[in-house]
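Undergrad: Residue numbers (UniProt numbering): 1 to 315.
Every residue gets a Cβ at the ideal spot worked out from N, C-alpha and C, and that includes glycine.
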Amino acid sequence: MATITPNQSFNEEKAAQDLRKAMKGLGTDEDAIIKVLVAHTNSQRQKIIVKYKSIFGRDLIADLKSELSGKFEDAIIAMMYEPVKFMAKELRDAMKGAGTDESVLIEILCAHNNNEIKMIRHAYENSEHKRNLEKDIKSETSGHFKHLLVAQCNSGRDENNVVDHAKVDTDTKDLIAAGIKMLGTDEAVFNRIFCTRSYPHLKAVFERYRLDTKKGIADSIESEMSGSLREGFLALVDYIWDPIGYYAQRLYKSMKGTGTDDRTLIRVMVSRSEIDLKDVSKAFARKYGKSLADFIKGDCSGDYRKLLLAILGNN
């Protein structure tokens, strides 16, 4: 379930006026900005952006950027992007400049279905930068990890929900032969099966793999692979088994230990808010014995914390 739902009393003119009032003059009313944005879905926010410009002749996002700062600004601006454009921006930011944030590439490319990836890729390649996603992945990653991400960005997964048990048997045997039965690992076999088979088929393969080897597929990946490739395949396993649990895990990892991965925290909170954040929050509490709200309170502060709690529904 979503934590942000359509405002049934939607009035884009009033919302635009409330936002302008919160920003004009001396000082900024951050609470008012939070109240307006969390009370509307992304599609409603897009209409507010248009209305704001038509009334005031000003760009709402530019005004927000000039009035806000820090992680609070980052989270607010994330809410203003159309979802696929936000994901495209996250992919670009993960690859530009020195170094590459492989965890962002894994999360976005391994935890979305064919249609979602096609839309994200279209947004990426039609942005102001006019870059090719596959070419960028090839230039920023290497080896079998590169092959995994290129396969994922080409959206070649079978989405037929009918499970052919003969094919399940064949794929299970192929994975065993390519991993624990040989010296080293034939990553190409893992890539072919993990990136082209349907989720129901892969669930059946994982179950059969455990029966035949007395070992979970994730355990085999842990021992057979390393680095970003291992993280990529483990993300696929986690997401295929339990998408809600996968995002709960992403939120937990963003806040556990010293420091906070604010980029991941913002991305997951914003992107799941209109889909399943309420379910993710419940799974988080079950899995980690502490509420998501309490984690946020412990890791974040000020208006940034207020905003995240408001997105979560803990106003």
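(1) Tell me the DSSP secondary structure of T213 in three-state form.
(2) Could you name the residues of the same chain whose beta carbon sits closer than 8 Å to that of residue 353, not counting the 5 residues immediately before and after it, in chain order?
(3) Would Y52 pass as a contact of A88 if the rule is Cβ separation under 8 Å?
(4) What whole-angstrom Cβ distance do T141 and L133 have, given they're in contact under 8 Å?
(5) Which two residues bound the contiguous alpha helix (DSSP H) that contains Q17?
(6) Roughly how many angstroms lie between the CA atoms of D171 and V205, to the nearest whole one?
(7) May I have the straight-line CA-CA distance separating A218 from E224, to the nearest angstrom?
(8) Less than 8 Å between the C-beta atoms of L38 and I311, yes or no?
(9) Could you say which of N11, K14, L105, I48 lies nearest to L236 if we only look at CA atoms?
(10) Let's test the definition: count the other Cβ atoms within 10 Å of the Cβ of K290 and tell me whether it reaches 16, buried, or not, exposed.
(11) Measure the C-alpha to C-alpha separation of K287 and D238 and round it to an integer number of angstroms.
(12) Locate the alpha helix (DSSP H) running through S142, then write down its first and last residues.
(13) Can you tell me whether A204 is helix, strand or coil according to DSSP?
(14) By Cβ distance below 6 Å, which residues in the same chain neighbour L60 in space, the five residues on each side in sequence not counted?
TA: Reading from the atomic positions:
(1) helix
(2) Residue 353 is absent from the model: the chain starts at 1 and stops at 315.
(3) No, Cβ-Cβ distance for Y52 and A88 is not below 8 Å.
(4) Their Cβ separation, rounded to whole angstroms, is 12 Å, which puts T141 and L133 out of contact at 8 Å.
(5) 12 to 23
(6) 7 Å
(7) 10 Å
(8) It is worth fixing the name first, because residue 38 is Val in this sequence and not Leu. In this structure, I311 lies closer than 8 Å to V38 by Cβ.
(9) L105
(10) exposed
(11) The C-alpha of K287 lies about 14 Å from the C-alpha of D238.
(12) No alpha helix (DSSP H) holds S142; DSSP gives it neither H nor E.
(13) Here A204 sits in helix by DSSP.
(14) Excluding residues within five positions, the ones whose Cβ falls inside 6 Å are I49, Y52.
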